[in-house]
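> Residue numbers (our numbering), protein chains in the order written: chain A, 1 to 506; chain B, 1 to 100; chain C, 1 to 622; chain D, 1 to 481. Ideal Cβ placement from N, Cα and C applies to all residues, glycine included.
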Amino acid sequence: MNSTGFPLLSLIVFLPLLGAVLVLLLGRRSHAGIRAVALAVTLIVLGLSLAAAALFRPAEAGIQLAEQAPWIPSLGISYRLGVDGFSLFLLPLTALLFVIAVLASWKPVGSDEASRSAVQSYFFWLLLLETGVLGVFAALDLVLFYVFWEAMLIPMYFLIGRWGGERRAYATMKFFIYTMAGSALMLVAILALGYFAYQSTGAWTFDWQTLRELKLAWPAPLWLFAMFGLAFAVKVPVFPFHTWLPDAYVEAPTPVTVLLAGVLSKMGVYGFVRFGLQLFPEGLRAAAPWLAVLAIIGILYASLSALMQKDVKRVIAYSSVAHLSLVVLGVVVANAQSLAGVVMQMVSHGIYVAALFLIVGMLEERRGTRLIAEFGGLWKPAPLLGVCFLIAMLGAVGLPGLNGFVGEFLILVGVFQGVRVYAVLAALGMILGAWYMLWTFQRIMQGPVEARSAGAADMRGMDLLVMVPLLVLIIVLGVFPNLILVPAGATINALVSQAAAVAWLP
Amino acid sequence: MDAIRYLLILSAVLFSIGAAGVLIRRNALVIFMCIEIMLNAVNLTFIALSRQLQSLDGQIFVFMVMAVAAAEVAIGLGIIVSIFRHKPTTDVDDVSLLKG
Amino acid sequence: MLAYAWLMLLFPLLGVLINAFFGRRIGKRAVSWVACSAIGLSFLVALGVLMGTAGSTGVEQPLFTWISAGSFHVEFSLLLDPLSALMAAVVTGVSFLIHIYSIGYMAEDPRYARYFTYLNLFVFAMLILVLANNYLMMYVGWEGVGLCSYLLIGFWFERKAAADAGKKAFIVNRVGDMGFALGIMLIFAMFGTLQFSEVFRRAPGILGPAAVTAITLLLFVGATGKSAQIPLYIWLPDAMEGPTPVSALIHAATMVTAGVYMVARNHVLFDMAPTTAAVVASIGAATAFFAATMALVEKDLKRILAYSTISQLGYMFLAVGVGAYAAGMFHLTTHAFFKALLFLAAGSVMHAMAGEINIQKLGGLREKLPRTYAVFAVGAAALAGVPLFSGFFSKDEILWRAFLHSPVLWLVGLGTAFLTAVYIFRALFVTFWGETRAEKKLWEHAHEAPAVMSIPMLILAVLAVIGGYIGLPRLSLVEGYLEPVLHAEHAAEAGATEWVLLAVSALIALGGIALAYYLYVVRPAVPANLSKQFAPLYTLLSRKYYVDEFYMAVVVEPLRQVGRFIAELFDPRVVDGAVNGLARLAGVCGEGLGTLQNGRVRSYALSILVGVVIILGYFLLR
Amino acid sequence: MNIADVQIVSILPQTLLLAAALVVFLADLVWKDRKGIGLLALAGVLATFVATVVMLAGPGVPTFQHMAAADRFALVISLVMSAAAVLAVLVSLDYIVRVDLPAGEYYGLLLLAASGMMFLGAATHLMTLFLSLEILSIALYALAGIRTTDIRAGEAALKYFLLGAFASAFLLYGMALLYGATGTTSLAGIAAAVPSVQTDPMLIAGLALLLIGFAFKVAAVPFHMWTPDVYQGAPSSVTAFMSVGAKAAGFAALVRVLVAVFPTLYAWWVWPVGVLAVLTMTWGNLAALAQGNVKRMLAYSSIAHAGYILVGVAAGEAGVSGVLFYLMAYALMNIGAFAVLIALERAEEDAAGVELERMRGLFHRRPWLAAAMTVFMFSLAGMPPLAGFFGKLYVFSAAVRSGLLVLAIIGVINSVISAYYYLRVVARMALAAPAEEAEPARCPALTIGTGIAAVGTVLLGIYPTWLLNLVQGTLAVLFGG
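Here's what the structure looks like:
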């Protein structure tokens, strides 16, 4: 139990599970009740996660709000939760995006009648997913982490597979197998790590904090990092492990895409820091040049690919690849600025990409298509939609004053301090990013009003309700990024000194 | 002293003959008889060893094997008859509906 | 007054918020009141600051901490010194006039509130740029004005050309911004801070020649983007797709001069980097000349003015490149007046002629639009450098300083001055003199703009005339005012040389006007013959030296091809193909194993026997 | 010999099952109620289950004349077996009426086979080993072919019988050689003698043949060829039971022989077992990919799972508890999966098992049944937090501990391959539109059985500790003192 004696994190993590059970207990036909329960639960979780952020003592670098209980003592597996400045904001972000997702699911989700009427199971899986994701960000025992990490695939499988688009069966299978394949070796690495602990201390343990102190003989850190890293690289995804992403993002229903892009992609980056940088700094260092090159390729490759996509959802999907590649580059460089940028950008990206995908959803809802060529001049009949799209897009493009800028720029500054060529190449992504985003925006919102778009409805009601909080955050975090950077500061400093201890970059 | 060796070799040869028969013959009954040869080859081994080791365990084992073999005959014939009712053949290659 | 400088930012911001959220409900009248009074108040504050900072070397006013990430600490804080105060005053002043003008110009537009929201937002961003006390904040304003430019160019987004132009402006600017951003990163890497005062104080001790050259060059790349210099000028002519007041405000008077301001702001660094300074001066001179040639053959009145802006910006860079920062700022100021004036006059023509802007379809308008004609003539005279008009003084200041630096640059500048006089009076004569070539209906319909439009023009016309006197070589108000910031070494006392140069450039300007008069009034057939005689040259000029096509072919198309290759072939076939291939391989293996399972009991027995042999063999032979 | 020394209590579970089998056989003569006989059998297996639990909780008991032990290892195997038997009887209650099987023979043979399996798990003597193996085998031969109306059942029985007898012969030969090398037929005796005769070819060959014999029983590649055919041809309830029980029994014997009797020869047998493990899981998984019949797919999947368990065996001493845990988890999820197939199966057209297409849209028709199947599929695929995941975690961690990192890596990669075909089932149920099919069977016993299996699979995943504590350190008492 933590110092306050109150299992706050457990409550945050498992309340959605409770909600899922509650949803099952409600009648299958009581759609309103189910939605209300889902909304209430996600809102409470959001409140609790904000409370956790408020309880967090920013000056301290270590794990806070820690909880611990024995789970499988015979294997040294225990139930451990905790947050530090790095993971702190991922909880409210996750909680917020789940609230948004629930709201975005207020209208029935799905591409056919059967799935649209399956409200109960939809919210069941959605809430289950929330437990999985929150668990990933809070777990501090490696096996527990792995359990959440993998278990999360199951709800995701159903959410994409049942409520997704036309090629959902293919996309969901690919997503599942691909990500599972990526993390398969991680399990072996976790076991090996537990065994190394056993060798040096005589007891199996998967406690993250204990394992950090483990002295591993070279080249074990490299191999272990590689095995962990593959899982994270697939999840982020890092080039060339990204091909599951466009399919999954595109086929998933809008609220799920929002979660995929907003939260799930952060799990990979989170992993790189928590279980890469912090557990095997030497391993990450040795892999850094390769990873950096992959990240840079990812930025340019995904940007160019986004440029020529025909489906607006795919554009955003590839843009997400590019943006997250930059974040990975920031992790690889691991200095004070780049890591601050990573923390910032993880939250920021979650917010603006969620807004963008919501907008894509609204576009699709209005026109029944996502092909860019089918749109045009939509800003005229739907001015609010245009403005929201604009702000979200500008956030993504990294316009100063909006949230995307701070993280991106900090990462670039950090990278520049490390290897200047990397920064120059990565900065090219800024230009390409503006290009594909603006071009997409132009073809959809601007130009002559496309005949079938002329009568498109503007945003109202629920559309605005889901969008406004995100847009407000895009602006607020752009103007006051210190809301995040200051609490994370101590943790980032600790991370940096750890990275510096293994003589990071020149 | 060498007698035991001869006996062991003999039983090994018998065992091999039985095994080869299982592979070569197509008639289910004959295959089963080949298996019986293998079992009896083992019995021979047991008896030879029992004598060599001056221990009764081997001989007890042989009785058990014979009892088991009898039970197997009973069940085996039952199965063959049951198939024969559907398809009048004892050729094992003719019963290969299940595959892939 | 200085303590309230932040109000300068607050008013436009409030204007933005009010008009953004309530603009569609409160009616056009209220919208214009909100927007104009916001800028007007802001202008008053700016004037106060202008007076307050006289003689000061700069006051910093922290508002809040923006980013603090380890040693990366950026305050949101205002720097009030003569340079920023002058710039802020020019920006808010000209903006105020153009806001007023817009009330009339945009009166019929259904997106009236949105227009003023954007316009206020622009002023807000521009003031952030101007008042920034550090590079990053300047960058915020820098990109912010770029955004407003994008939004306003594409204001009539239903027109593809407008949307295209806005996008082009933003992306080309992004290219420059990337250089700026890298420059900022380099500065941070060198100094560990981004605050101007700190950087300038420590620069001499820290920076070697290579580093300072790199930093200044990168900053200058940013400047070429925003201020439309070679090689990134291509967006500005297209930017004329926006409403004309926007062209006047953003693409003539204020935003595009940000590059000049930035170089002036960084004069400490540029002084330390002679190589960069030479590059700046050369690019400035080249751009000035190059753009002027294109203006010679352009038919679109606004585009003529756009090329002219590019050309004049080139002058300003020429000035700052040769170390004449005050002269650059001086020209910036006068240019803001007369170029805004010219644009507004062009807008007035469009207003009268239902949007017609091709000068060959106009003509004889001085009859119908005497007031517009008068102010246009004042602007043209100022631009051409007719003696006693403002442009004359500021341009001569630059030419003189260029001459001191390098006669070649001076010669290019002089040539440009000649061309300037030719093209602007060509525009004047063709548009306002002679017989009209306009459609009859349009011609009959033509009317002078309402007061709300003409009064700002009049004010600007007055400024375009008298604006020059604040910088008279003897008086040197601008230079003196900026002295505490720029520490400009007083060039050799103006002697005989200066007077000679003054006379030469006056003659050149008058000669240019005379030539234009001859070509377009006396002998209107000559230009057509000339264009036929020198057809290749004419085509080259009218196709803008094929630079757009060049960029299209060398940068844009190849990138799109690569993108298409990745998106349609490489990603799905190769990268994803490898993944799917692996899956298919497993499936094929599975089917292969299935065929081994042939259903025959004897082959199963064989398999067992093989296993037996192998395992026995392993154990016995081990 | 004093009758008090016989220690019949040591083999109480097995004896109870035998007794129950006899009662069932006798009752069948006079009582024609198939459900009733089924309930009788259920009472018998429940009693056995209770007895096993009580014995696990109680103090240790001595061996049964050194022939069979009631150590923790044997009792855990009994627990698995009786749990499997309870589930098997539950799922059979309705099924055998539906497909018209003779109740007396069916339940009698089932109980007999279960008793043989339990004996095998407890055997500490070559003779008991052989006899119990034959008891279970012969009972299963008959059970496989009990559906005499279908030639495929006969074919399955014939294949199983011929190959089983064939493999038994090798096993028996191996026993003879061990006897010859050590002069004793008691496992404890052999274990004591092994260090002194280590490299005797006779001993080595005996070990090899024993390994082969058990490898056949657990369906390890290349001794697995019978498995898909037999599993497919046999009635589903029988397949469910034998895929779990026979496998568990085979592994119990294999572990006892290899780990307890031949620990000094670990370096000799670790590689063959390791290679068998790799071949078995890879072959099973790859072949399962190509199957369109769920029952046959589960047959290949059971081969693959034998491979995972063999990884635990290859880990030697460290892997014993993992193997036991895995067997329990496997029993729950695999019988559960078959239970769902049984619910779907219709007497005539599905004699060879349910085709994948028949699962279409099950979620719409029977959500809870589909949910249970989903649990089983994900658990079989090794997804946390379900029992199958911890089974794999446990055996792979043992492999890592024994330095067999390669096996763990191949194991997890195999899990990924397997996920594809398990997911295909889920996809058909959840993602495809329902086919116009008759309603799956509804029967309380089947529902209870499926429910127990599903809940057990989940609980064993969320809180595996209770079972882990039970299987921990079983090796220390492998001969029951």
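I think Phe-418/C touches Ile-310/C, with their Cβ atoms under 8 Å apart; what is that distance to the nearest whole Å?
Sequence index remark: in the third sequence, residue 418/C carries index 418 (1-based). Sequence index remark: in the third sequence, residue 310/C carries index 310 (1-based). Going by Cβ atoms, the distance from Phe-418/C to Ile-310/C rounds to 17 Å, so no, they are not a contact pair.
> Check the DSSP bridge columns for Phe-64/D and list the partner residues they point to.
Looking up residue 64/D in the fourth sequence gives position 64. As DSSP reads the structure, Phe-64/D sits in a beta bridge with Ala-68/D.
> For Asp-350/D, name the three-state secondary structure that DSSP assigns.
On the fourth sequence, position 350 is the one that residue 350/D refers to. Asp-350/D falls in the coil class under three-state DSSP.
> Check distances from the C-beta atoms of the segment 581-602 of chain C to those of chain B and list, in chain order, the residues that come in under 7 Å.
Gly-594, Gln-597, Asn-598, Gly-599, Arg-600, Val-601 and Arg-602
> For Gly-590/C, count neighbouring C-beta atoms within 10 Å of its own C-beta (all shown protein chains included) and say buried if the count is 16 or more, exposed if not.
Stepping through the third sequence from its first residue, residue 590/C is reached at position 590. Buried: at least 16 other Cβ atoms inside 10 Å.
> Please tell me whether Val-378/C has its Cβ less than 8 Å away from any Cβ of chain A.
Residue mapping note: residue 378/C aligns to position 378 of the third sequence, counting from 1. Answer no: the Cβ-Cβ gap between Val-378/C and chain A never drops below 8 Å.
> Under three-state DSSP, which class holds Tyr-198/A?
As a working note, residue 198/A is residue 198 in the first sequence. Tyr-198/A falls in the helix class under three-state DSSP.
> Along chain A, in chain order, which residues have C-beta atoms closer than 9 Å to that of Tyr-231/D?
In the fourth sequence, counting from the first residue as 1, residue 231/D sits at position 231. Those within 9 Å of Tyr-231/D in chain A number zero; the least Cβ separation is about 25 Å.
> Going along chain B in order, which residues have a C-beta closer than 9 Å to the C-beta of Tyr-179/D?
For the purposes of this step, residue 179/D is taken as residue 179 along the fourth sequence, with counting starting at 1. Under the 9 Å cutoff, chain B gives Thr-45, Phe-46, Leu-49, Ser-50, Leu-53, Ser-55, Asp-57, Gly-58 and Phe-61.
> DSSP three-state label for Ala-438/C, please.
Counted from its first residue, the third sequence places residue 438/C at position 438. If DSSP states are grouped into helix, strand and coil, Ala-438/C belongs with coil.
> What did DSSP end up calling Trp-106/A once you bin it into helix, strand or coil?
As a working note, residue 106/A is residue 106 in the first sequence. Note: Trp-106/A maps to coil in three-state DSSP.
> Applying the criterion that 16 or more other CB atoms from any shown protein chain within 10 Å of the CB defines a buried residue, is Asp-571/C buried or exposed?
In the third sequence, the residue the question calls residue 571/C occupies position 571. When all chains shown are included, Asp-571/C counts as buried.
> Output yes if chain A places a C-beta closer than 8 Å to the C-beta of Gln-472/D; else output no.
Translated into positions along the fourth sequence, residue 472/D becomes position 472. Closer than 8 Å: yes.
> Over what stretch of residues does the beta strand (DSSP E) that includes Arg-80/A continue unbroken?
Here residue 80/A refers to the residue found at position 80 of the first sequence. 77-83 is the span of the beta strand (DSSP E), which, as asked, contains Arg-80/A.
> At 8 Å on the CB atoms, spell out the chain A contacts of Glu-158/C, in chain order.
The sequence position of residue 158/C within the third sequence is 158, counting from 1. Within 8 Å Cβ-Cβ: Gly-377, Lys-380, Gln-446, Gly-447, Pro-448 and Val-449.
> Within its chain, find whatever has a CB closer than 6 Å to the CB of Phe-11/C; leave out the 5 residues flanking it on each side and keep chain order.
As a first step, residue 11/C must be located in the third sequence, where it is residue number 11. Counting only Cβ-Cβ distances below 6 Å, and skipping sequence neighbours, we find Ala-38, Leu-41 and Ser-42.
> With 16 as the cutoff for other CB atoms within 10 Å, does Ala-344/D come out buried or exposed?
Residue numbering aside, residue 344/D sits at position 344 when the fourth sequence is read from its first letter. Correcting the residue identity first, residue 344/D is Leu in this sequence and not Ala. Counting Cβ neighbours within 10 Å, Leu-344/D comes out buried, since at least 16 surround it.
> Take Thr-199/D as the anchor and find which of Phe-214/D, Leu-210/D, Ala-181/D and Thr-185/D has the nearest alpha-carbon.
Taking the fourth sequence and counting its residues from 1, one reaches residue 199/D at position 199. Nearest of Phe-214/D, Leu-210/D, Ala-181/D and Thr-185/D to Thr-199/D, Cα basis: Ala-181/D.
> Using 10 angstroms around the beta-carbon of Phe-534/C, count the other beta-carbons present and answer buried if the total reaches 16, otherwise exposed.
Indexing the third sequence from 1 puts residue 534/C at position 534. Exposed.
> Between Val-80/D and Gly-449/D, how many whole angstroms is the CB-CB distance? I'm expecting something under 8 Å.
Within the fourth sequence, numbered from 1, the residue matching residue 80/D stands at position 80. Within the fourth sequence, numbered from 1, the residue matching residue 449/D stands at position 449. Not a contact, Cβ separation roughly 16 Å.
> Under 7 Å, CB to CB, which of the residues in the segment 601-615 of chain C have a partner in chain B?
Val-601, Arg-602, Ala-605, Leu-606 and Leu-609
> Looking at C-alpha atoms only, which residue of Val-140/C, Ile-234/C and Phe-72/C is the closest neighbour of Glu-549/C?
Taking the third sequence and counting its residues from 1, one reaches residue 549/C at position 549. That would be Ile-234/C, whose Cα lies nearest to the Cα of Glu-549/C.
> Can you find the residues in the same chain that come closer than 7 Å, C-beta to C-beta, to Pro-228/D, ignoring five residues on each side of it along the sequence?
What you label residue 228/D is simply residue 228 of the fourth sequence in a count that begins at 1. For Pro-228/D, where only same-chain residues beyond five positions count, the Cβ hits under 7 Å are Arg-296, Ala-299 and Tyr-300.
> Answer yes if the segment 428-447 of chain A comes into contact with the segment 148-163 of chain C, meaning at least three C-beta pairs across the two stretches below 8 Å, and no otherwise.
yes
> Would Thr-254/A pass as an interface residue toward chain C - the criterion being a Cβ-Cβ separation below 8 Å?
As a first step, residue 254/A must be located in the first sequence, where it is residue number 254. No - not a single Cβ of chain C is within 8 Å of the one on Thr-254/A.
> Please classify Pro-219/A as buried or exposed, where buried requires at least 16 other C-beta atoms within 10 Å of its C-beta.
Numbered from 1 along the first sequence, position 219 holds the residue referred to as residue 219/A. Burial call: exposed.
> Just the C-alpha distance for Ile-608/C and Met-66/B, rounded to the nearest angstrom, thanks.
If you number the third sequence from 1, residue 608/C lands on position 608. If you number the second sequence from 1, residue 66/B lands on position 66. Taking the CA atoms as reference points, Ile-608/C sits about 24 Å from Met-66/B.
> What residues are listed by DSSP as bridge partners for Ala-114/D?
For the purposes of this step, residue 114/D is taken as residue 114 along the fourth sequence, with counting starting at 1. DSSP output for Ala-114/D lists no bridge partner at all.
> Verify the CB distance criterion: does Arg-401/D have a CB-CB separation below 8 Å to chain A?
Walking along the fourth sequence from the start, residue 401/D turns up at place 401. Closer than 8 Å: yes.
> Under DSSP, the beta strand (DSSP E) around Pro-450/C begins and ends at which residues?
The sequence position of residue 450/C within the third sequence is 450, counting from 1. Counting along the chain, Pro-450/C falls outside any beta strand (DSSP E), and DSSP gives it neither H nor E.
> For the segment 178-222 of chain A, which segments carrying the alpha helix (DSSP H) assignment without a break, of at least 4 residues, lie completely within its bounds, in sequence order?
208-212
> For the candidate residues Met-308/A, Ala-302/A, Phe-405/A and Leu-277/A, whose alpha-carbon lies nearest to that of Ala-501/A?
Start at 1 with the first residue of the first sequence, and residue 501/A comes out as number 501. Comparing Cα positions, the closest option is Leu-277/A.
> Determine, for Thr-636/C, whether the minimum Cβ-Cβ distance to residues of chain A falls below 8 Å.
Only positions 1 to 622 of chain C appear in the structure, and residue 636/C is not among them; the question remains open.
> Note down, in chain order, every chain D residue with its Cβ under 9 Å from the Cβ of Leu-620/C.
As a first step, residue 620/C must be located in the third sequence, where it is residue number 620. Scanning chain D for C-beta atoms nearer than 9 Å to the C-beta of Leu-620/C yields Pro-201, Ile-204, Ala-205 and Ala-208, reported in chain order.
> Which of the three DSSP states, helix, strand or coil, is assigned to Val-449/A?
Position 449 of the first sequence, counted from the start, is the residue given in the question as residue 449/A. DSSP places Val-449/A in coil when its eight states are reduced to three.
> Considering only C-alpha positions, which residue in the set Arg-202/C, Met-178/C, Tyr-546/C and Ala-211/C is nearest to Val-424/A?
By 1-based counting over the first sequence, the position of residue 424/A is 424. The alpha carbon of Val-424/A has as its nearest neighbour, out of Arg-202/C, Met-178/C, Tyr-546/C and Ala-211/C, the alpha carbon of Met-178/C.
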